[in-house]
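Shown next, in structure tokens, is the structure this report addresses.
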Amino acid sequence: MNDGFLRNAWYVIAWDHEIPADGLFARTVLGEPVLVYRTADGGLTALADRCCHRLAPLSAGRKEGDAVRCGYHGLKYGPDGRCIEVPGQDRVPPRARVRRYPLALKNRWVFVWMGDPERADPALLPDNFSCDHADWCYLPGYMHYQVPWLLIADNLLDFSHLSYVHDKTFGGTPEIARAQPLITEIERGLRIAREVRNVPPSPYYQSFRPFDTPINRWIVYDFVLPATLLMHSGGRPAADADDDLRRAVQLHSCQALTPETATSTHYFFQESHRADQGDAQTRQRIFDSLLTAFEEDRQMITAQARNLALDPAAPMLPLAMDAALVRFRRLLQQQLQAEAAAGAAGAAGAA
Amino acid sequence: MNDGFLRNAWYVIAWDHEIPADGLFARTVLGEPVLVYRTADGGLTALADRCCHRLAPLSAGRKEGDAVRCGYHGLKYGPDGRCIEVPGQDRVPPRARVRRYPLALKNRWVFVWMGDPERADPALLPDNFSCDHADWCYLPGYMHYQVPWLLIADNLLDFSHLSYVHDKTFGGTPEIARAQPLITEIERGLRIAREVRNVPPSPYYQSFRPFDTPINRWIVYDFVLPATLLMHSGGRPAADADDDLRRAVQLHSCQALTPETATSTHYFFQESHRADQGDAQTRQRIFDSLLTAFEEDRQMITAQARNLALDPAAPMLPLAMDAALVRFRRLLQQQLQAEAAAGAAGAAGAA
Amino acid sequence: MNDGFLRNAWYVIAWDHEIPADGLFARTVLGEPVLVYRTADGGLTALADRCCHRLAPLSAGRKEGDAVRCGYHGLKYGPDGRCIEVPGQDRVPPRARVRRYPLALKNRWVFVWMGDPERADPALLPDNFSCDHADWCYLPGYMHYQVPWLLIADNLLDFSHLSYVHDKTFGGTPEIARAQPLITEIERGLRIAREVRNVPPSPYYQSFRPFDTPINRWIVYDFVLPATLLMHSGGRPAADADDDLRRAVQLHSCQALTPETATSTHYFFQESHRADQGDAQTRQRIFDSLLTAFEEDRQMITAQARNLALDPAAPMLPLAMDAALVRFRRLLQQQLQAEAAAGAAGAAGAA
Numbered sequence: 045m046n047d048g049f050l051r052n053a054w055y056v057i058a059w060d061h062e063i064p065a066d067g068l069f070a071r072t073v074l075g076e077p078v079l080v081y082r083t084a085d086g087g088l089t090a091l092a093d094r095c096c097h098r099l100a101p102l103s104a105g106r107k108e109g110d111a112v113r114c115g116y117h118g119l120k121y122g123p124d125g126r127c128i129e130v131p132g133q134d135r136v137p138p139r140a141r142v143r144r145y146p147l148a149l150k151n152r153w154v155f156v157w158m159g160d161p162e163r164a165d166p167a168l169l170p171d172n173f174s175c176d177h178a179d180w181c182y183l184p185g186y187m188h189y190q191v192p193w194l195l196i197a198d199n200l201l202d203f204s205h206l207s208y209v210h211d212k213t214f215g216g217t218p219e220i221a222r223a224q225p226l227i228t229e230i231e232r233g234l235r236i237a238r239e240v241r242n243v244p245p246s247p248y249y250q251s252f253r254p255f256d257t258p259i260n261r262w263i264v265y266d267f268v269l270p271a272t273l274l275m276h277s278g279g280r281p282a283a284d285a286d287d288d289l290r291r292a293v294q295l296h297s298c299q300a301l302t303p304e305t306a307t308s309t310h311y312f313f314q315e316s317h318r319a320d321q322g323d324a325q326t327r328q329r330i331f332d333s334l335l336t337a338f339e340e341d342r343q344m345i346t347a348q349a350r351n352l353a354l355d356p357a358a359p360m361l362p363l364a365m366d367a368a369l370v371r372f373r374r375l376l377q378q379q380l381q382a383e384a385a386a387g388a389a390g391a392a393g394a395a
Numbered sequence: 045m046n047d048g049f050l051r052n053a054w055y056v057i058a059w060d061h062e063i064p065a066d067g068l069f070a071r072t073v074l075g076e077p078v079l080v081y082r083t084a085d086g087g088l089t090a091l092a093d094r095c096c097h098r099l100a101p102l103s104a105g106r107k108e109g110d111a112v113r114c115g116y117h118g119l120k121y122g123p124d125g126r127c128i129e130v131p132g133q134d135r136v137p138p139r140a141r142v143r144r145y146p147l148a149l150k151n152r153w154v155f156v157w158m159g160d161p162e163r164a165d166p167a168l169l170p171d172n173f174s175c176d177h178a179d180w181c182y183l184p185g186y187m188h189y190q191v192p193w194l195l196i197a198d199n200l201l202d203f204s205h206l207s208y209v210h211d212k213t214f215g216g217t218p219e220i221a222r223a224q225p226l227i228t229e230i231e232r233g234l235r236i237a238r239e240v241r242n243v244p245p246s247p248y249y250q251s252f253r254p255f256d257t258p259i260n261r262w263i264v265y266d267f268v269l270p271a272t273l274l275m276h277s278g279g280r281p282a283a284d285a286d287d288d289l290r291r292a293v294q295l296h297s298c299q300a301l302t303p304e305t306a307t308s309t310h311y312f313f314q315e316s317h318r319a320d321q322g323d324a325q326t327r328q329r330i331f332d333s334l335l336t337a338f339e340e341d342r343q344m345i346t347a348q349a350r351n352l353a354l355d356p357a358a359p360m361l362p363l364a365m366d367a368a369l370v371r372f373r374r375l376l377q378q379q380l381q382a383e384a385a386a387g388a389a390g391a392a393g394a395a
Numbered sequence: 045m046n047d048g049f050l051r052n053a054w055y056v057i058a059w060d061h062e063i064p065a066d067g068l069f070a071r072t073v074l075g076e077p078v079l080v081y082r083t084a085d086g087g088l089t090a091l092a093d094r095c096c097h098r099l100a101p102l103s104a105g106r107k108e109g110d111a112v113r114c115g116y117h118g119l120k121y122g123p124d125g126r127c128i129e130v131p132g133q134d135r136v137p138p139r140a141r142v143r144r145y146p147l148a149l150k151n152r153w154v155f156v157w158m159g160d161p162e163r164a165d166p167a168l169l170p171d172n173f174s175c176d177h178a179d180w181c182y183l184p185g186y187m188h189y190q191v192p193w194l195l196i197a198d199n200l201l202d203f204s205h206l207s208y209v210h211d212k213t214f215g216g217t218p219e220i221a222r223a224q225p226l227i228t229e230i231e232r233g234l235r236i237a238r239e240v241r242n243v244p245p246s247p248y249y250q251s252f253r254p255f256d257t258p259i260n261r262w263i264v265y266d267f268v269l270p271a272t273l274l275m276h277s278g279g280r281p282a283a284d285a286d287d288d289l290r291r292a293v294q295l296h297s298c299q300a301l302t303p304e305t306a307t308s309t310h311y312f313f314q315e316s317h318r319a320d321q322g323d324a325q326t327r328q329r330i331f332d333s334l335l336t337a338f339e340e341d342r343q344m345i346t347a348q349a350r351n352l353a354l355d356p357a358a359p360m361l362p363l364a365m366d367a368a369l370v371r372f373r374r375l376l377q378q379q380l381q382a383e384a385a386a387g388a389a390g391a392a393g394a395a
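Chains as they are written, first to last, in the numbering used here: chain A, 45 to 395; chain B, 45 to 395; chain C, 45 to 395.
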């Protein structure tokens, strides 16, 4: 499909804790309704949330052991998506099945693979280690956006916006916008590194520990296809040596965008502090800061999307600060073309 | 028009009591705004609710005797739809008129004929006798759906959904889904009969009279074009003879779907009990049960419609339980084609 | 563009008092987001409210002296629309600029010119004198309509609707609809004059001064392109001579329509009384009457627009009372064609 969605990719569909112990969970991903539930063996299964009969969402039905029964006319499906019972008829037609999606649980994120199941490769899962690591603490976040996912990816690929969107929250200072990031290509993505030296510690940083001198800050993140951000950031007194982290604040953040439809997006996020650098209050304070700042992003990006809707053909002027997002969009286009070519080859092979 | 609406048909536009004694009532039917009001002779008239001048709804104006005056610029129309006064000019142009729709009141349902007035035949009105019959009691219901009418007709044509959508309300048990209905063709529709024997009496049935044994249940309904359901149902102790109704619960239900637009529908309904089998409380209890159960339907069908909107091309897998709805859709197509052919013939005849 | 919007025209974008002393004001005009703010020299500037970089609205940023800084990535623009700073790069690309719109402040109305800046001619500003005149008093009004602007212009071009829409408020009597207006062509518009003699004074007129006899009323207004109404109206005892205004009520009203999008409209309005014919209470009473009556219009026109949306091809029957609106629509078409021809000529000249 040429809808700008990469299909052979893992997408976060939920935080692990969002899937109930004994119920049904539904979320739309790339325009497809997906059902997720737990099986008795401790596993998870993801099925198309759309009965093959009359297209009712299975999530409006009920779980029966490891099976799910449609709440409309009672078709019952096993966790592999095969229909195993059709009320009122003895024989279940072989075509009676719903698509099963490959699914992976990694560090509390539940990922679904939206493309060719043969190609679902756990090695492609992003390294969201701080989501489940004894050394790191966080509160899990979720936000819904009524904008196309690429506009949010743009935002995350250019942190110069911190200086303006978040000048009152995240410690955004003009220095961040001025600091040229170092951008390097990595496997399926980009690494973007930024350092600002000798800046006043923002209230955000002060909230971790009192700094009484200017600080050096670093922000280093990988942004990997389709849309996961994995970031180390922190600050230390400007006088301290670069390898001296004793008085440093260290953070790690995992953020993932999952297109819901062409015009709406799921956003999963956390920012972790070191377990030895804070307590439950710190955790809550970081979470609240994220919410405040990400709401600032949401308002700006939603306003941008409204302007785009008024004139979808309005041109954008590329600037130096767009380096990462331009390169990322190029990577995405390459992958989309590779996928289209593979699809065409597959279709030819099947013929 | 090829919008999937049968035009040469009676559609319920309102319950009789919805039309005020001396005011204007408006409802949109098949995408056309329709005005209904009472005339001094005790009759009812239905006009296009759209002034021929600047298209303002006449229902925003006022009734003047048997005439209606547009509230925008004051054009006055007689109950035949002819304009009889244009403020500021002496002569009323002959083209100044709005369409008058044939209208029929039968057993408290107000029907409007949306097609060729010449073909409006009272013999085609459905037999909604229990809506106005001394032996039967009910409370009138109306519900608005934000889905295409055919999805609701599908629902009504396959009662196997009772076992799942209404398993907690209407006495839906798996036995109903398992019971193959007997489907026979009738004039402009289908008769669908279902019997389930020796099932536990549901709370719904228990609410009419205490059953202390399993019961036999029957559900027999006609579904006639365009979209009226007329149903006898009931239950009696399983031990009683089939023709022994002394300990039976007997119900009759009339339900009608009227497309409002391509994507929204009016739903008129009642379920009657025998006058000698209950009182005002019974009536209220039945009505409340209907509301609860029909709200279950509405939620399921609306969820189904959302899935359809996500992927309008998604295929549906036909199953045995679809027998009636498949046959009904075939009847509808035949009528639509007959109407199109008659329209083409009429156009040719006029040329 | 062929969207039915005249571009070489002044449009009211705001009342003067709506623009903050030191902040940013945004409103969409002809589908284009426009930013307005004050400069240190006491002037006003209007810029495209859409950063040239990623299209974020500049109004979501901040004012810095006479400049505005985008709140997303910090581009800074002077009041001429030229970008004067791009964070993170030394050189500002020459293409980095946003459109500046010609702007004029006249009698408390802020006008923006949406077409070719070369042709922005202050002589084309309407004469809204009573908006800022020692002899006239009013309260300023604004209303938002969810309908295309031409439907509201239609309303203002045919006051026969006063007799029906405003029969309980504005002193609308059938006599107004019956009174044929005298329509004459003026520069870029029409003059529409109506007189009704010997009618009972309406409560509205009675609220200015007690009349104990029938009155003669006059309503004379210019409606000039694109959509400004300038109206003298009043009434005096029927027995008084036409040039005797001693016992007359005199009003002047300025009203302007500004298309927001193809389907929504801004409406600016006031009705002034003579400074020597009332006090603050009078002012408030007139304003409240306007709000009540214009809300009647809004409901009617919005209902009309709904009917149009149900069937955009439904024909309208022209009547005598449409004389002014038919002529006005013709004037508009001529101007639109002239604009299209000039655009084509300009394009040819540029080639």
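For every residue, glycine included, the Cβ atom is placed at its ideal position computed from N, Cα and C.
- Contact annotation: in the segment 191 to 221 of chain A, residues whose CB is within less than 8 Å of a CB in chain C are ASP198, ASP202, SER204, HIS205, SER207, TYR208, VAL209, PRO218, ALA221.
- Interface annotation, CYS96 (chain A): in contact with chain B, CB-CB separation under 8 Å.
- For the segment 229 to 253 of chain C, there are no residues whose beta carbon sits under 9 Å from a beta carbon of chain B.
- Sequence-distant partners of ASP198 (chain C) (beyond 5 residues in either direction) whose C-beta falls short of 6 Å from its own C-beta, in its chain, are LEU369.
- Taking 8 Å as the upper bound for CB-CB distance, GLU108 (chain A) and ALA92 (chain A) are not in contact here, some 18 Å apart.
- Per DSSP, the continuous alpha helix (DSSP H) segment holding ARG350 (chain B) begins and ends at 324 to 354.
- Counting C-beta pairs with one atom in each stretch, the segment 340 to 347 of chain A and the segment 224 to 240 of chain A have fewer than three that are closer than 8 Å, which means they do not touch.
- Distance from TYR55 (chain A) to MET158 (chain A) at the Cβ level is roughly 6 Å; contact confirmed, criterion being Cβ atoms closer than 8 Å.
- When DSSP states are grouped into helix, strand and coil, TYR182 (chain B) belongs to the coil group.
- For the set A:GLN224, A:ALA357, A:HIS317, the Cα lying nearest the Cα of MET275 (chain A) is the one of A:HIS317.
- In summary, ASN172 (chain A) is buried, with 16 or more beta-carbon neighbours lying within 10 Å of its beta-carbon over all protein chains present.
- Taking ALA282 (chain B) as the centre and dropping the five residues before and after it, the same chain places the C-beta of ARG241, ASN242, THR257, PRO258, ILE259, ASN260 closer than 7 Å to its C-beta, in chain order.
- Rounded to whole angstroms, PRO64 (chain B) and HIS117 (chain B) show a C-alpha spacing of 24 Å.
- Taken through DSSP and simplified to helix, strand or coil, VAL191 (chain A) comes out as coil.
- For GLU162 (chain A) and ARG144 (chain A), the gap between their C-alpha atoms comes out near 12 Å.
- Leaving aside the five residues that flank LEU168 (chain A) on each side, the residues in its chain whose CB is nearer than 8 Å to its CB run, in chain order, ALA53, TRP54, ARG232.
- CA-CA distance, ALA70 (chain A) to ILE263 (chain A), rounds to 35 Å.
- Close to ALA357 (chain C), with beta-carbon spacing below 9 Å, lies no residue of chain B; the smallest spacing is near 11 Å.
- Within the model, the alpha-carbon separation for ASP47 (chain B) versus LEU354 (chain C) is close to 13 Å.
- Following the DSSP letters along the chain, one finds LEU206 (chain B) inside the alpha helix (DSSP H) bounded by residues 206 to 209.
- Interface residue (Cβ-Cβ distance to chain C less than 8 Å): GLN348 (chain A) is classified as such.
- DSSP places ILE220 (chain B) within a helical segment (H, G or I) once states are collapsed to three.
- Cβ-Cβ distances below 7 Å link ASP366 (chain C) to ASP202 in the same chain, with the five nearest sequence neighbours on each side left out; the list follows chain order.
- The residue among B:PHE312, B:ALA358, B:PRO356 with its C-alpha nearest the C-alpha of GLN299 (chain B) is B:PHE312.
- Secondary structure of PHE312 (chain A) (DSSP, three-state): strand.
- Among the residues of the segment 130 to 147 of chain A, those with a Cβ less than 8 Å away from any Cβ of chain B are VAL130, PRO131, GLY132, GLN133, PRO137, ARG139, ALA140, in the order of the chain.
- In this structure, DSSP gives ALA319 (chain A) a helical state, which the three-state scheme calls helix.
- Note that the segment 220 to 228 of chain A touches the segment 116 to 133 of chain C; at least 3 beta-carbon pairs, one per stretch, sit closer than 8 Å.
- Within a 10 Å sphere around the beta-carbon of GLY67 (chain B) sit fewer than 16 other beta-carbons, which makes this residue exposed.
- Taking one beta carbon from each stretch, the segment 82 to 100 of chain B and the segment 318 to 330 of chain C have fewer than 3 pairs nearer than 8 Å; the two do not touch.
- GLN133 (chain C): not part of any beta strand (DSSP E); DSSP gives it neither H nor E.
- Interface with chain C (8 Å Cβ-Cβ cutoff): HIS117 (chain B) is included.
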